[in-house]
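Asks:
Next up, the structure:
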């Protein structure tokens, strides 16, 4: 009797989920963005929003709720109904770094969110000032091993991806670097171009003007494979630093508990939007590329990066400021 009641309840839930998906979407959808307008996360949100609106004929509202290390927007998603009408554009900080960086967060990145699809990918590169005594990855690693803690690197701030990526590299390479935090990615890129610091791991797009001017030289990429804008540049793995594989990605998230058919619908729609050559061209102007994925692959990526960043934060004893 009890078993039959459980089966009946499960069947009823499944039927309700399919019914909801058949009518989805019936009204406006909101995409929450954890940053102010401008930048790749905002662009990814608006690109997907416009594509979904065009496909489904409903309004898609992009709502920027900046501040609090992404807490404000993420908490709003965590408190929303699991119906597919409130979504969240996640990125490395909110989804894979904050859970280990902060002792407490007002949301649970694993329990409150469910992945839909990755959206964009912006490669990270290791660059050095043109006057630095090294111009290749091999020479940089040799210099860092010969002078522990003497080579400086800039970041967009404590606990940012631009901070953790160099620490990941240092951990894998067995070297020690000196961290100099700045307030944002552009100041961090400018710092290495001006010679205030020796190196930095920054996005290719933010550094391209300094690459073109010759103020910095590219040593390697942080991605697991070479990147189209600089195919001659080796990956860190190719240069002898194992395991490092990260970039500035964005990904669409839903509220945990959203019916599976709706999540599948959203995933398929995102794939369709990102397949449009006009979308690829628009993203390329900001230094990003379409980065579609299955829900399962997105989940696997999140789990891998959460585990890796937790190790880095603990090993390097990184605390928020």
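In mature numbering (1 follows the signal peptide of the UniProt record, and there is no 0), the protein residues as written are -21 to -1, 1 to 300.
All C-beta atoms, glycine included, are put in the ideal place defined by N, C-alpha and C.
(1) On the CB-based measure, 16 or more other CB atoms within 10 Å of its CB, does residue 283 come out buried or exposed?
(2) Do residue 155 and residue 128 have their C-beta atoms within less than 7 Å of each other?
(3) On the DSSP letters alone, give me the boundaries of the alpha helix (DSSP H) that residue 179 sits inside.
(4) Where are the alpha helix (DSSP H) runs, 4 residues long or more, that stay fully inside the stretch 170 to 221, in chain order?
(5) In this structure, does DSSP put residue 48 in helix, strand or coil?
(6) Quick one: Cα of residue 28 to Cα of residue 34, how far?
(7) Grab the span of the alpha helix (DSSP H) containing residue 244 for me, first residue to last.
(8) Do residue 135 and residue 170 have their CB atoms nearer than 7 Å?
(9) Once you ignore the five residues that flank residue 6 on each side, which residues in its own chain have a CB closer than 7 Å to its CB?
(10) Can you name, in chain order, every residue of its own chain whose Cβ lies under 6 Å from the Cβ of residue 4, other than the five neighbours on each side?
(11) On the DSSP letters alone, give me the boundaries of the beta strand (DSSP E) that residue 233 sits inside.
(12) Between residue 329 and residue 25, what straight-line distance do the alpha-carbon atoms span, to the nearest angstrom?
(13) From which residue to which residue does the alpha helix (DSSP H) around residue 294 run?
(14) Going by the DSSP bridge assignment, what does residue 42 pair with across the sheet?
(15) For residue 201 versus residue 144, is the C-beta distance shorter than 7 Å?
(16) Tell me, please, which residues DSSP counts as bridged to residue 100.
(17) Considering only their Cβ atoms, is the gap separating residue 8 from residue 245 smaller than 7 Å?
(18) Taking the beta carbon of residue 82 as the centre, do at least 16 other beta carbons fall within 10 Å, making it buried, or is it exposed?
(19) Quick check on residue 114: does DSSP put it in helix, strand or coil?
(20) Could you tell me which of 45, 238 and 251 sits nearest to residue 269, measuring between CA atoms?
Replies: Quick answer:
(1) Taking the chain shown and counting its residues from 1, one reaches residue 283 at position 304. That one is exposed.
(2) Counting from one through the chain shown, the residue named residue 155 turns up at place 176. Counting from one through the chain shown, the residue named residue 128 turns up at place 149. Yes; because the gap between Cβ atoms is below 7 Å, this pair is in contact.
(3) In the chain shown, residue 179 corresponds to position 200, counting from 1. That residue, residue 179, is in no alpha helix (DSSP H); its beta strand (DSSP E) goes 178 to 182.
(4) Taking only runs of at least 4 residues, the alpha helix (DSSP H) segments lying wholly in the stretch 170 to 221 are 183 to 192.
(5) Along the chain shown, read from residue 1 onward, the residue named residue 48 stands at position 69. Residue 48 falls in the helix class under three-state DSSP.
(6) Mapped onto the chain shown, residue 28 falls at position 49. Mapped onto the chain shown, residue 34 falls at position 55. Those two C-alpha atoms are separated by around 10 Å.
(7) If you number the chain shown from 1, residue 244 lands on position 265. From DSSP, the alpha helix (DSSP H) with residue 244 extends over 239 to 253.
(8) Taking the first residue of the chain shown as 1, we reach residue 135 at position 156. Taking the first residue of the chain shown as 1, we reach residue 170 at position 191. Their beta carbons are not under 7 Å apart, which means residue 135 does not touch residue 170 by this criterion.
(9) Translated into positions along the chain shown, residue 6 becomes position 27. The residues are 37 and 64.
(10) In the chain shown, residue 4 corresponds to position 25, counting from 1. Same-chain partners within the cutoff: 35 and 37.
(11) The count along the chain shown starts at 1 and reaches residue 233 at position 254. Counting along the chain, the beta strand (DSSP E) containing residue 233 begins and ends at 227 to 234.
(12) What the structure shows of the chain is the stretch from -21 to 300, and residue 329 is not part of that stretch, so it cannot be assessed.
(13) In the chain shown, counting from the first residue as 1, residue 294 sits at position 315. Residue 294 -> alpha helix (DSSP H) spans 274 to 294.
(14) For the purposes of this step, residue 42 is taken as residue 63 along the chain shown, with counting starting at 1. In the DSSP output, where bridge partners are listed per residue, residue 42 has 11.
(15) Here residue 201 refers to the residue found at position 222 when the chain shown is read from its first residue. Here residue 144 refers to the residue found at position 165 when the chain shown is read from its first residue. Yes.
(16) Here residue 100 corresponds to residue number 121 of the chain shown, with the count starting at 1. According to DSSP, residue 100 bridges with 228 and 268.
(17) As a working note, residue 245 is residue 266 in the chain shown. As a working note, residue 8 is residue 29 in the chain shown. No; because the gap between Cβ atoms is not below 7 Å, this pair is not in contact.
(18) Residue 82 sits at position 103 when you count from the first residue of the chain shown. Classification of residue 82: exposed, given that the 10 Å Cβ count is below 16.
(19) Position 135 of the chain shown, counting from 1, holds the residue named residue 114. It is coil, neither helix nor strand.
(20) Here residue 269 is taken as the residue at index 290 of the chain shown, counted from 1. Checking every option, the nearest Cα to that of residue 269 belongs to 251.
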